[in-house]
């Protein structure tokens, strides 16, 4: 995978900012992991909160939905960052295009970058969530593993989707335009 | 002014993808937090209605030593245990007590000077408190008495009912749901600020040219109008979406007043976002000389 190697190389150029960029997704992922792994806590709270004939399961589902929304918001932040990354590397994209690199590969370079941010955020989030859970009742290992898998999967998919749109823009630029692009 | 709006719109169009991302992030996060706030206000409203019924206008509220619990399903306050049978007679015989009536397992006491009666109750061995978050009597006390009216207290800023409401609201905001809602808003806030910072940084060169020909204040206005439009649109969409979501998921709690209160609470964030995302960075950028701005780009 030539594009993946290229992505990793560009990431090494700015290793610290990669962690910063996955921060939002990380925070959201921590909450998602917590909510998915601590179903008993969430259910107990939902039951306590169910007012006058409201089904507790509605509140429980609302909690899970809100954490997913949080991940989407975090991923949108990655999308915003990617628009900047793409613009910054416009000259680079132009050179790659002029050298005959395929559009698909250029798309993949940026899509991978967003995906890596998402994965990093997901993993960091799970670690953070695990730390949060040290203060409460410990969940079952199987349940925690399932929650971690869902969280990381969700973070990766949503971030890659958000990064795909700026990556498409990078792919569509013509070589001449891209080389002469300045902001 | 229309010129500024037009310019702002053309700047939105320059970065369509980023504008769309920022708007979506803000909309989602505002919707999430409106939902949580509306829920906590509805929660508070049902709690205070039940409390009003239970208090029945009394000055002192004597409940069993185990306190009372609020049963959400029936929307009623239920006693944990019962007060001793002879307590009503004993309280009635205290000086200053005008009326004692028993409710569902508790006593409602009216008095001329509630504070004095409270002291006497303490003398009888009851635990007396004005703090609604206190739910149990001391060990060995026959009952727990809440001092409801504290009109004579000069520094009592919060009444017993307000305190009770606060305890109720706290239950929502301290729950996972409340935390998730607020964190989502914070993330939305972050992404808006990040996006505004990026768009300022991107236009550094542009600002440099404008500053070189002497246009500085107008640039600030232009940027402020542009950011205000983004934040305003996102918040309004989010408020509507959040209210809609609440009406859809919890139709029995939906009241326009509840939702309006929640919307009011969330709107407070608008100026904060504007100041941190637009005013401060743009102002800082414009403090530089045009030469620095032009040179610094790239």
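Chains as they are written, first to last, in our numbering: chain A, 1 to 183; chain B, 184 to 481.
Built from N, CA and C at the ideal position, the CB exists for glycine as well.
Values in this document were obtained by computation on a predicted structure and should not be read as measured data.
Within the stretch 196-227 of chain B, the residues whose Cβ lies closer than 8 Å to any Cβ of chain A are, in chain order, 198, 200, 201, 204, 205, 207, 208, 211, 212, 214, 215, 218, 219, 222, 225 and 226. For a Cβ distance threshold of 9 Å, nothing in chain B lies close to residue 89 of chain A: the least Cβ distance comes to about 13 Å. When DSSP states are grouped into helix, strand and coil, residue 254 of chain B belongs to the strand group. With the rule of 3 Cβ pairs closer than 8 Å, the stretch 422-432 of chain B counts as touching the stretch 208-216 of chain B. Residue 71 of chain A counts as buried, since at least 16 other C-beta atoms from the protein chains shown sit within 10 angstroms of its C-beta.
Distance from residue 323 of chain B to residue 300 of chain B at the Cβ level is roughly 21 Å; contact not present, criterion being Cβ atoms closer than 8 Å. In the three-state reduction of the DSSP assignment, residue 131 of chain A falls in the helix class, which pools H, G and I.
Ranking B:277, B:245 and B:321 by CA distance to the CA of residue 286 of chain B puts B:245 first. At the C-beta level, residue 32 of chain A and residue 67 of chain A come within 8 Å of one another.
Within chain A, the residues 80 have their CB atoms less than 7 Å from the CB of residue 378 of chain B, given in chain order. Only residues of its own chain outside the window of five on either side were considered, and among them 24 have a CB closer than 7 Å to the CB of residue 77 of chain A, listed in chain order.
As computed with DSSP, residue 342 of chain B is found in no beta bridge at all. Scanning chain A for C-beta atoms nearer than 7 Å to the C-beta of residue 371 of chain B yields 73, reported in chain order. Between the stretch 368-377 of chain B and the stretch 389-406 of chain B, the count of Cβ pairs shorter than 8 Å is below three; the stretches do not touch. Minimum Cα-Cα distance from residue 307 of chain B among the listed residues B:288, B:327, B:313 and B:259 corresponds to B:327. Along the stretch 439-464 of chain B, none of the residues has a CB nearer than 9 Å to a CB of chain A.
For the 8 Å CB-CB criterion, residue 132 of chain A and residue 34 of chain A form a contact. For residue 328 of chain B, there is no enclosing alpha helix (DSSP H); the enclosing beta strand (DSSP E) covers residues 327-330.
With respect to the 8 Å criterion, residue 118 of chain A and residue 151 of chain A are not classified as neighbours on the basis of their beta carbons. Rounded to whole angstroms, the Cβ separation of residue 93 of chain A and residue 178 of chain A is 5 Å, and the two are in contact under 8 Å. Ranked by Cα distance from residue 9 of chain A, the options A:21, A:113, A:127 and A:38 are led by A:113. B:411 is the residue among B:411, B:356 and B:348 whose C-alpha sits nearest the C-alpha of residue 453 of chain B.
Against residue 259 of chain B, chain A offers no close residue; the least beta-carbon distance is about 10 Å (beta-carbon pairs closer than 8 Å). Listed along chain B are 370, 373 and 374, each with a C-beta nearer than 8 Å to that of residue 24 of chain A. Taking residue 49 of chain A as the centre and dropping the five residues before and after it, the same chain places the C-beta of 59 closer than 7 Å to its C-beta, in chain order.
The beta carbon of residue 107 of chain A lies closer than 6 Å to those of 167 and 171 in the same chain, with the five residues before and after it left out. The stretch 380-393 of chain B and the stretch 444-451 of chain B do not touch, with fewer than three beta-carbon pairs separated by less than 8 Å. Interface criterion met: the Cβ of residue 367 of chain B is under 8 Å from a Cβ in chain A. At a beta-carbon threshold of 7 Å, the residues of chain A lying near residue 432 of chain B are 58 and 62, ordered along the chain. When rounded, the separation of the alpha-carbon atoms in residue 156 of chain A and residue 29 of chain A is 10 Å. Contact of residue 28 of chain A with chain B by beta-carbon distance below 8 Å involves 366, 367 and 370. DSSP places residue 284 of chain B inside the beta strand (DSSP E), whose first and last residues are 280-285. DSSP places residue 63 of chain A in the uninterrupted alpha helix (DSSP H) bounded by 56-88.
Its Cα nearest to that of residue 460 of chain B, the residue B:413 stands out among B:233, B:413 and B:318. Counting only the Cα atoms, residue 138 of chain A lies some 36 Å from residue 11 of chain A. For residue 176 of chain A, the closest of A:134, A:91 and A:75 by C-alpha to C-alpha distance is A:91.
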